[in-house]
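**Student:**
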Amino acid sequence: MTSNEAALRAFFQSPRYAVVGASTNTAKYGYKVFRWYVQHGLPVTPINPVAKAIEVDGQAYPTVRSLSELQGASETGVSIITPPPVTMKTLEEAKGLGIQSVFLQPGTFDDGVLAFARENFRTVLAGDGGRGSEGWCVLVDGERGLESAGKL
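Its first residue numbered 1, the sequence shown is counted upward by one per residue in the UniProt record's numbering.
#1: Quick one: using the 10 Å Cβ neighbour count with 16 as the cut-off for buried, is glycine 142 buried or exposed?
#2: In or out: valine 19 buried (at least 16 other Cβ within 10 Å) or exposed?
#3: What ranges does the alpha helix (DSSP H) occupy inside the UniProt domain "CoA-binding" (11-103), keeping only unbroken runs of at least 4 residues that lie completely in it?
#4: Please state whether the Cβ-Cβ distance between residue 230 and glycine 132 is less than 8 Å.
#5: Assuming contact is defined by CB atoms lying nearer than 8 Å, are isoleucine 80 and glutamine 39 in contact in what I supplied?
#6: What three-state label does DSSP hand serine 148 in the structure shown?
Now the structure itself:
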């Protein structure tokens, strides 16, 4: 198993998940990634500073405004779907909360964000790797990670 495959398994061994950048707009990746977690029966919290809830398949999931509002933040694997400057602020908050695992979706990071993530988190999925044309992505690589973690 490559270190990337080990990271994928480790991320999906988290007992709970959060999606930063979860969106009410069904055309956006923030919605699609959050929906993926819901459809796979995973305990997931949408993080959106504006929307009160995100609806998936007729069910409303209450949002929280930031990672600091999560219960058990240090045991949460965090998927991020935000522009690089927002991602950096999110990673700084995550570090302070003791979060260990982050999954940076394509387009969410630049070289500085990636360096910060790799320096400060035990498990980082971002950039080159995965099976998608743009690197690691929950929508492309998530089921393989769940299977590796024994959750599928």
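The C-beta atom is built at its ideal place from N, Cα and C for all residues, glycine as well.
**Tutor:** So, from the listed chains and residues:
#1: buried
#2: buried
#3: 29-39 and 84-97
#4: Residue numbering for the chain in the displayed model covers 1 to 152; residue 230 lies beyond these limits and cannot be assessed.
#5: no
#6: helix
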